[in-house]
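Chains as they are written, first to last, in the numbering used here: chain A, 1 to 187; chain B, 1001 to 1187.
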DNA sequence: ACCTGAACACCGTTCAAGT
DNA sequence: ACCTGAACACCGTTCAAGT
């Protein structure tokens, strides 16, 4: 986990890990099977640490927004591990404690059943997407920036072109999307 | 491109490509430099094919929604190549023609400058996220599903639990998020 | 029960040598 | 100008052999 957390999944090779542990590569195979199984164990360990999050706010809406922001922040503390979990199809499992917290708040607003499932799904998607997109963008040079030269010269909205050619503010995009969802979901 | 499109980026190895081309591996290096450069060329070729999209609808709002849906559909036709572009930090470059189309429609609603940039950024994020998340989920078995057993037995909202433990309908999540964004952005 | 080294089939990349 | 084979430093994985 330290290896992945500090760097990237790419540094977690069986040979490198063996060197770090001071054993032969093949000893790892006896214990965990193979690399895929090792990654699954890694994700399981990550999932264990995913408990409920502290909630603030008085109205249910404020509390739901707080839960969403807290989760985004928490996931962002382990972006590389999140990426592994996401790749292994364990995104939803990661979110179970959040689902329960949201369900409680939604029930206070008399939103249950299908409506609650839709709301939770949309919020979960928004949070996971925000982390995944920002993480990918944070590697590589052009990260999410549009070349101004790509625009037709006839385009006179210089403010717009300048804004689109500067780095994306993912926090702002996240908050905008979150508020938009809450408006729609909570009525 | 065929290799990546039909399978996955992982099958595009220098040696496999060389075999496909009937040359020695090293010939590729003379032409393109190395694997990274090859992937960049791949992305550039993809970007060339990204022109404007046909728009339908009478009101600007309907037209904007149509543009967003069309782009999601177009990107979904090349999910593996999109993944490569995203990984290489070329997501925004891919969207330039869409940005221009949206700018035109937004101007009709008197949304320009910072407001237009915010709107375009939010819509672009939503579309790209939808494709990236759905693609990742579509590989691996548990794809986005919550184990019902993970819920406390005390939980009585069986409709909610059942919905959360069945596969995510990404189209529905996309449409919900899109409508929410349009409500907020277009007033 | 747990660990080892050797071996196999793969990678990306470099470089001197060919035509 | 363009292609080749050999070589290097990496991978994941298997398996017989050790203690």
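The C-beta atom is built at its ideal place from N, Cα and C for all residues, glycine as well.
- When Cβ-Cβ separations below 8 Å define contact, residue 49(A) makes no contact with chain B.
- By the 16-neighbour rule on beta-carbons within 10 angstroms, residue 1024(B) is exposed.
- Straight-line measurement puts the Cα of residue 1117(B) at about 9 Å from the Cα of residue 1111(B).
- Residues of chain A whose Cβ lies closer than 9 Å to the Cβ of residue 1132(B) are, in chain order, 129, 132, 133 and 136.
- Residue nearest to residue 85(A) within the set 1127(B), 1139(B), 1079(B) and 1011(B) is 1139(B) (criterion: CA-CA distance).
- Using a CB distance below 8 Å, the part of the segment 1086 to 1117 of chain B facing chain A consists of 1086, 1087, 1088, 1089, 1090, 1091, 1092, 1093, 1095, 1096, 1099, 1100, 1103, 1107, 1112, 1113, 1114, 1116 and 1117, ordered along the chain.
- DSSP places residue 1171(B) inside the alpha helix (DSSP H), whose first and last residues are 1170 to 1186.
- Within 10 angstroms of the beta-carbon of residue 11(A) lie fewer than 16 other beta-carbons, which makes it exposed.
- The segment 156 to 175 of chain A makes no contact with the segment 34 to 43 of chain A: fewer than 3 CB pairs, one atom from each, lie closer than 8 Å.
- The C-beta of residue 1160(B) has 16 or more other C-beta atoms within 10 Å across all chains shown, which makes the residue buried.
- Contact annotation for residue 1179(B) against chain A: 184 [CB-CB distance below 8 Å, chain order].
- Under the rule that a run must span 4 or more residues, the alpha helix (DSSP H) segments found entirely inside the segment 1017 to 1088 of chain B read 1025 to 1032, 1035 to 1048, 1060 to 1076 and 1079 to 1087.
- Unbroken beta strand (DSSP E) stretches of 3 residues or longer found wholly inside the segment 87 to 157 of chain A: none.
- Taking a contact as a CB-CB distance under 8 Å, the pair residue 181(A) and residue 122(A) counts as one, their CB atoms being some 6 Å apart.
- Taking 8 Å as the upper bound for CB-CB distance, residue 1101(B) and residue 146(A) are not in contact here, some 14 Å apart.
- Not one beta carbon of chain B lies nearer than 8 Å to the beta carbon of residue 59(A).
- Judged by DSSP secondary structure, residue 4(A) falls within the alpha helix (DSSP H) whose first and last residues are 2 to 6.
- Rounded to whole angstroms, the separation of the alpha carbons of residue 1038(B) and residue 1164(B) is 41 Å.
- In this structure, the CA atom of residue 1063(B) is about 10 Å from the CA atom of residue 1070(B).
- Taking the Cβ atoms as the reference, residue 132(A) lies roughly 7 Å from residue 1132(B), within the contact range of under 8 Å.
- The criterion of a C-beta distance shorter than 8 Å is satisfied by residue 14(A) and residue 35(A).
- Here residue 30(A) is exposed: its Cβ has fewer than 16 other Cβ atoms, across all protein chains shown, within 10 Å.
- At a C-beta separation below 8 Å, residue 1157(B) has these neighbours in chain A: 103, 107, 112, 113 and 116.
- Scanning its chain for C-beta atoms nearer than 7 Å, with the 5 sequence neighbours on each side dropped, one finds no residue around residue 48(A).
- Under the Cβ distance rule, residue 122(A) counts among the residues neighbouring chain B, one pair being separated by less than 8 Å.
- Within chain A, the residues 92, 93, 95, 96 and 99 have their CB atoms less than 9 Å from the CB of residue 1146(B), given in chain order.
- Your pair residue 1081(B) and residue 1005(B) checks out as a contact, with CB atoms roughly 6 Å apart and the cut at 8 Å.
- For the C-beta of residue 78(A), not a single chain B residue is nearer than 9 Å; the gap to the nearest is close to 17 Å.
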